[in-house]
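In the working numbering, the protein residues as written are 603 to 1141. Ideal Cβ placement from N, Cα and C applies to all residues, glycine included. Please read these numbers as outputs of a predicted model, since none were measured by experiment. These notes are about the structure you will find just below.
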Ligand code: NOJ
């Protein structure tokens, strides 16, 4: 599965922002890369207060992205190439410009329009304190006070994200029914499934209690359920969605974005009557370290197996620092996966890329589904020097300009040429909405296609082998006996993946033939540090 951050993928209409026509024109690239499906970040009408995760109309496309006719043509072209299309649905919150929220503001206290959201009176004298101590994920309180139609300060509404993203009340039957209609709307147009945004946050404790100190930093409570993350009743919503998906031929699919505490809690989202995949963020957040990765792999395989669902693997997405930049930092401690966790930590970018290429072979050899984020096949680094003026992530302003946020992993893709916009937009277009580094001249698709050792060609070869090799994709794996700083596993028939994390070269099995290597080998039958190989064995 290949993730397309549409605004940054390919611009066809010269406005410096990616669009559906641009993506459509690049479908042959994706087919050639060897992906089975793509997931597209929200393409709906939106004021873009949070990169499109603030939706005004769930059944249309943003004019910047194109038209519904573009969407239909794109879906049909993708299908003709054998590529399935997943959209991104955002059920936790709408935009504050959504007609429902505008109606709620205009209708005043006690109106039924307010029941679709979480409006409450404030605390303290005059109600000027937020109803509880919940925090927005982008910084500051999770509540904003509204001005009532009579001009007086009035109720507060909940937003676990930006104030422009009011949380919906999922206890409201109309909210439930409307989202199922939205699913059907896109399924009827041929869409194959959805990635579900913050799938673990939809339902809240109706009493909206204060969080205790531990819950403010943890997702689930110590001895009770967390008031707004990963509550048991959220699963009922997905049982309903599964019925909708299963009513189609072929059945449609769902992928949960659910940052939860343990692999076992994640697995609850993919029980047989719920969703199909859930992102394995433990793999993404693990440092580059054999023991940590092995624990994550074992823990996730066991938890997924217990519910009969396939495991998933992911290294990057539009919310975290690109993994070659994370791996460029010393790996002796857990550091966090956001760009803000990397600032000021010395980096060895060459090493970061070497590890990222090894991580790709590790990930693509594991049993289950793999999620790639656009540009990782080009070995793109996080853009770490974006000027303050170009930052768009709400985190920047909400943190009082102390946290820079996620723009650095969303910089438009370099396709060709020696200078920005690197073929992202046609010549003479408006500049890309985020500036591309001049140093990307040697990372373009065009430059890498011509280089047999490029990261692009490594991904192409790996995806091809993964598609053709009977041992890869679904199935089981078995760890081999190795020194501590090595990961080596076998898959049947006759496949072995080995990754060396140690600074001493690893002796490879003598009877094995190397079919793919993430980096240069010395030719003496050993595997250097931070390198992975795929092997064909006799046994
Ligand atoms: C998760 C999305 O991936 C992220 O980009 C967004 O800011 C939040 N959910 C809120 O919708």
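Let me check one thing: in DSSP terms, what residues is residue 1090 bridge-paired to? For the purposes of this step, residue 1090 is taken as residue 488 along the chain shown, with counting starting at 1. DSSP lists 1100 as partners of residue 1090.
When we look at the beta-carbon of residue 1057 and count the other beta-carbons within 10 Å, is it buried (16 or more) or exposed? As a first step, residue 1057 must be located in the chain shown, where it is residue number 455. Buried, because 16 or more other Cβ atoms sit within 10 Å of the Cβ of residue 1057.
May I ask which residues mark the beginning and end of the alpha helix (DSSP H) holding residue 904? Reading the chain shown from its first residue, position 302 is the one you call residue 904. Looking at the DSSP string, the run of the alpha helix (DSSP H) that includes residue 904 is 892-909.
So, under 8 Å CB-CB, residue 629 and residue 685 are touching, yes? Tell me the CB distance rounded to an integer number of Å. Counting from 1 along the chain shown, the entry for residue 629 is found at position 27. Counting from 1 along the chain shown, the entry for residue 685 is found at position 83. With a Cβ gap of about 7 Å, residue 629 and residue 685 count as contacting.
Cβ of residue 763 within 7 Å of any heavy atom in the ligand NOJ? Counting from 1 along the chain shown, the entry for residue 763 is found at position 161. True, at least one ligand heavy atom lies under 7 Å from that Cβ.
Please work out which residues of its chain come closer than 7 Å, Cβ to Cβ, to residue 993, disregarding the five sequence neighbours upstream and downstream, and give them in chain order. Taking the chain shown and counting its residues from 1, the one referred to as residue 993 is at position 391. Result list for residue 993: 1006, 1007 and 1009, in chain order.
Out of 1109, 1118, 1137 and 1139, state which residue places its alpha-carbon closest to the alpha-carbon of residue 1131. Against the chain shown, residue 1131 aligns to sequence position 529. Residue 1109 is the option with its Cα nearest to residue 1131.
At a cut-off of 7 Å, would you count residue 653 as near the ligand NOJ, judging by its Cβ distance to the nearest heavy atom? Against the chain shown, residue 653 aligns to sequence position 51. Under cutoff, so the answer is yes.
Taking 7 Å as the cut-off, is the C-beta of residue 925 nearer than that to any heavy atom in the ligand NOJ? Taking the first residue of the chain shown as position 1, residue 925 is located at position 323. Because no heavy atom of the ligand NOJ lies under 7 Å away, the Cβ of residue 925 does not count as near it: no.
Does DSSP put residue 774 in a helix, in a strand, or in coil? In the chain shown, counting from the first residue as 1, residue 774 sits at position 172. In the structure shown, residue 774 sits in coil (DSSP, three-state: anything other than H, G, I, E or B).
Near residue 978, what residues of its chain come up, given a Cβ to Cβ distance below 6 Å and the 5 sequence neighbours on each side ignored? As a position in the chain shown, residue 978 is number 376, starting the count at 1. If we look at residue 978 and ignore the five residues flanking it on each side, its Cβ neighbours are 918.
So, does the stretch 1039-1050 touch the stretch 1018-1030, judging by three or more C-beta pairs under 8 Å? yes
Inter-residue Cα distance where the pair is residue 1104 and residue 951: Counted from its first residue, the chain shown places residue 1104 at position 502. Counted from its first residue, the chain shown places residue 951 at position 349. In a straight line, the C-alpha of residue 1104 is about 18 Å away from that of residue 951.
With burial defined as no fewer than 16 other Cβ atoms inside 10 Å of the residue's Cβ, what is the status of residue 784: buried or exposed? To locate residue 784, count along the chain shown from 1; it is residue 182. With 16 or more Cβ atoms within 10 Å of its Cβ, residue 784 is classed as buried.
Answer with buried or exposed for residue 1125, where buried requires no fewer than 16 other C-beta atoms within 10 angstroms of its C-beta. Numbered from 1 along the chain shown, position 523 holds the residue referred to as residue 1125. It counts as exposed.
Could you tell me the boundaries of the alpha helix (DSSP H) in which residue 883 lies? Reading the chain shown from its first residue, position 281 is the one you call residue 883. 883-887 is the span of the alpha helix (DSSP H), which, as asked, contains residue 883.
Residue 677: first and last residue of the uninterrupted alpha helix (DSSP H) it sits in: By 1-based counting over the chain shown, the position of residue 677 is 75. Unbroken alpha helix (DSSP H) run through residue 677: 670-682.
Would the C-beta of residue 859 count as close to the ligand NOJ, meaning under 7 Å from any of its heavy atoms? In the chain shown, the residue the question calls residue 859 occupies position 257. Proximity of the beta carbon of residue 859 to the ligand NOJ is indicated: a heavy atom of the ligand is located closer than 7 Å.
Per DSSP, which residues does residue 690 bridge with? Please list them. Within the chain shown, residue 690 is the residue found at index 88, counting from 1. According to DSSP, which records beta bridges pairwise, residue 690 is partnered with 797.
For the alpha helix (DSSP H) that contains residue 997, what are its first and last residues? Indexing the chain shown from 1 puts residue 997 at position 395. Element bounds for residue 997: 996-1000.
Can you list, in chain order, the stretches of the beta strand (DSSP E) that have 3 or more residues and sit fully within the stretch 734-777? 745-749 and 755-760
If distances are taken between C-alpha atoms only, which option among 845, 781 and 861 comes closest to residue 820? Indexing the chain shown from 1 puts residue 820 at position 218. Comparing Cα-Cα distances from residue 820 to each of 845, 781 and 861, the minimum goes to 861.
Which residue or residues does DSSP assign as beta-bridge partners of residue 1133? Your numbering for residue 1133 matches position 531 in the chain shown. In the DSSP output, where bridge partners are listed per residue, residue 1133 has 1102.
Contact test: residue 799 Cβ vs the ligand NAD heavy atom, cutoff 7 Å: In the structure shown, the ligand NAD is absent; the only ligands present are the ligand NOJ.
Report the rounded CA-to-CA distance for residue 909 versus residue 1065, giving the unit in angstroms. Start at 1 with the first residue of the chain shown, and residue 909 comes out as number 307. Start at 1 with the first residue of the chain shown, and residue 1065 comes out as number 463. Each residue's Cα considered, the two are about 27 Å apart.
Thinking C-beta only, is residue 912 closer than 8 Å to residue 884? Against the chain shown, residue 884 aligns to sequence position 282. Against the chain shown, residue 912 aligns to sequence position 310. For residue 884 and residue 912, no; Cβs fall outside 8 Å.
If we count Cβ pairs, one from each stretch, closer than 8 Å, do we get three or more for the stretch 756-771 versus the stretch 717-724? yes
Between the stretch 1090-1097 and the stretch 653-666, can you find at least three pairs of beta-carbon atoms closer than 8 Å? No, the stretch 653-666 does not touch the stretch 1090-1097.
Compute the beta-carbon to beta-carbon distance between residue 756 and residue 711, rounded to the nearest angstrom, for a pair I have assumed lies under 8 Å. In the chain shown, residue 756 corresponds to position 154, counting from 1. In the chain shown, residue 711 corresponds to position 109, counting from 1. Contact flag correct, Cβ pair sits at about 6 Å.
Are the CB atoms of residue 1032 and residue 617 nearer to each other than 8 Å? Along the chain shown, read from residue 1 onward, the residue named residue 1032 stands at position 430. Along the chain shown, read from residue 1 onward, the residue named residue 617 stands at position 15. Cβ distance < 8 Å, so residue 1032 and residue 617 count as in contact.
Determine the burial state of residue 1115: buried for a count of at least 16 other Cβ atoms within 10 Å of its Cβ, exposed for fewer. What you label residue 1115 is simply residue 513 of the chain shown in a count that begins at 1. Answer is exposed; the Cβ neighbour count stays below 16.
Whole-angstrom C-beta distance between residue 697 and residue 766, which should lie under 8 Å: For the purposes of this step, residue 766 is identified with residue 164 of the chain shown, where counting begins at 1. For the purposes of this step, residue 697 is identified with residue 95 of the chain shown, where counting begins at 1. Contact holds; Cβ gap of about 6 Å.
Across the stretch 729-747 and the stretch 702-709, are there enough close Cβ pairs to call them in contact, namely three or more that are closer than 8 Å? no
So, do the stretch 890-898 and the stretch 823-834 have three or more beta carbon pairs nearer to each other than 8 Å? no
Under 7 Å: does the beta carbon of residue 830 sit that close to some heavy atom of the ligand NOJ? As a first step, residue 830 is located in the chain shown; it is residue number 228 there, counting from the start. No, Cβ of residue 830 sits at least 7 Å from all heavy atoms of the ligand NOJ.
Within 10 angstroms of the Cβ of residue 841, are there 16 or more other Cβ atoms? Answer buried if so, exposed if not. For the purposes of this step, residue 841 is taken as residue 239 along the chain shown, with counting starting at 1. So residue 841 counts as exposed.
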